[in-house]
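Structure first, then comments.
Numbering (this note's numbering), first residue to last: 1420 to 1777.
Listed below in structure tokens is the structure:
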């Protein structure tokens, strides 16, 4: 197909209103047409041209809708994605893909059978700091990386939230919510690990895990640690990488999230995703026989590029950036890490040869 792609959005809660609708409406060629809201018409206040409907079946029955975007709680992803694919729609689903890799397998097979595009919103591949890390590694500025650590911490020692993420259903908790991004990023940077070990806990007494400390070990000797805690008042670096030529350390979080939550429209900002200089990462390395110590300007992040890629792929103009098999791999690694945490031992990653890395 070619031309304008009409989009139907299922859900206008936090994810739908902050992380999807503003991005979709910033991509020329995508047209947000219908929004499923159960009890309100909030989307119409910001996007007055959209039609608000109460049931997702209204999207499935509309032949004009080309792409369905699922932003419901992850506990419901499987059902909504399956129904959208069966209705002949392309699908974007919010991360995590599904609570289980078995469900992911079924949906991938269904998408292929239907001849439809299926992808998962791993938008953190389009964070400026991650894009900068990829470029640093591509240019071999650190040499062979031997150790890396990713942190997603905060200070919220008292559990107050009562939303679905804090519940006991499959697919809830911080490891599915945030850890899935780090696992996806680690695999994109370094490949599939040989072993994984997890320490995943409920530190605040809730029903869902709120802490993870996961280690990926590689045959090259590389060790990657992924960590999140709600008891960190003094921040660690977001990313720290150490290699045979030197180190790179980066504090701070990509500014796109805060801007979107504040209601900013990406298409209305000239320097969208550009990070202030005080947050640029520090490098201390040997480059071309010289000792270099300084900062590296962070590449501007762009979640808009995620949806632009989806549009171009549907139109046959680009390879899909976030393949469903890659999103399934992140769920498989989550399952292994949870098993490792339960058993108190490192586990081999048995599907290292089965899951492709783009």
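Even glycine gets a Cβ: it sits at the ideal position worked out from N, Cα and C.
The residues 1631, in chain order, have a CB closer than 6 Å to that of residue 1598 in the same chain once the five nearest residues on each side in sequence are set aside.
Sequence-distant Cβ neighbours of residue 1757 in its own chain, meaning closer than 7 Å and more than five residues away, are 1617 and 1619. In the structure shown, the three-state DSSP call for residue 1728 is helix. For the pair residue 1594 and residue 1753, the CB atoms are nearer than the 8 Å cut-off.
Of the residues 1763, 1459, 1479 and 1701, the one whose Cα lies closest to the Cα of residue 1426 is 1479. Pairing residue 1428 with residue 1517 gives a Cβ-Cβ distance that is not under 8 Å.
Looking from the CA of residue 1466, the closest CA among 1474, 1609, 1492 and 1437 belongs to 1437. For residue 1622, no beta strand (DSSP E) encloses it, and the DSSP letter there is neither H nor E. Residue environment for residue 1643: buried (at least 16 other C-beta atoms within 10 angstroms of its C-beta). Spanning the alpha carbons of residue 1439 and residue 1564 requires a straight line of approximately 34 Å. The beta strand (DSSP E) runs of length 3 or more contained entirely in the region 1438-1482 are, from start to end of the chain, 1449-1455 and 1470-1472. Of the candidates 1726, 1542 and 1762, 1726 places its Cα closest to the Cα of residue 1447.
In the three-state scheme derived from DSSP, where H, G and I count as helix and E and B as strand, residue 1528 is classed as helix.
DSSP places residue 1695 outside both helix and strand once states are collapsed to three, so it counts as coil.
In the three-state reduction of the DSSP assignment, residue 1688 falls in the coil class. Here residue 1660 carries a strand assignment [DSSP, helix/strand/coil]. Distance from the CA atom of residue 1547 to the CA atom of residue 1553, rounded to whole angstroms, is 10 Å. Residue state for residue 1615 is assigned as strand, using DSSP reduced to three classes. Residue 1748 is not a Cβ neighbour of residue 1538, given a cutoff of 8 Å. Counting only residues of its own chain and dropping the five nearest sequence neighbours on each side, residue 1430 has a CB closer than 6 Å to the CB of 1490 and 1491.
When secondary structure is reduced to three states using DSSP, residue 1497 falls in the helix class. Beta-bridge partners of residue 1648 (DSSP): none assigned. Around residue 1510, the same chain offers 1486, 1487, 1488, 1489, 1500, 1503, 1504, 1530, 1535, 1536, 1537 and 1538 as residues with beta carbons nearer than 8 Å, after the five sequence neighbours per side are excluded. Distance check between residue 1624 and each of 1682, 1592 and 1521 places 1592 closest, using alpha-carbon atoms only. The residues 1623, in chain order, have a CB closer than 8 Å to that of residue 1577 in the same chain once the five nearest residues on each side in sequence are set aside.
For residue 1632, the enclosing beta strand (DSSP E) has its first and last residue at 1630-1636. If the five residues before and after residue 1659 are omitted, its C-beta is found closer than 6 Å to the C-beta atoms of 1568 and 1668, all from its own chain and listed in chain order.
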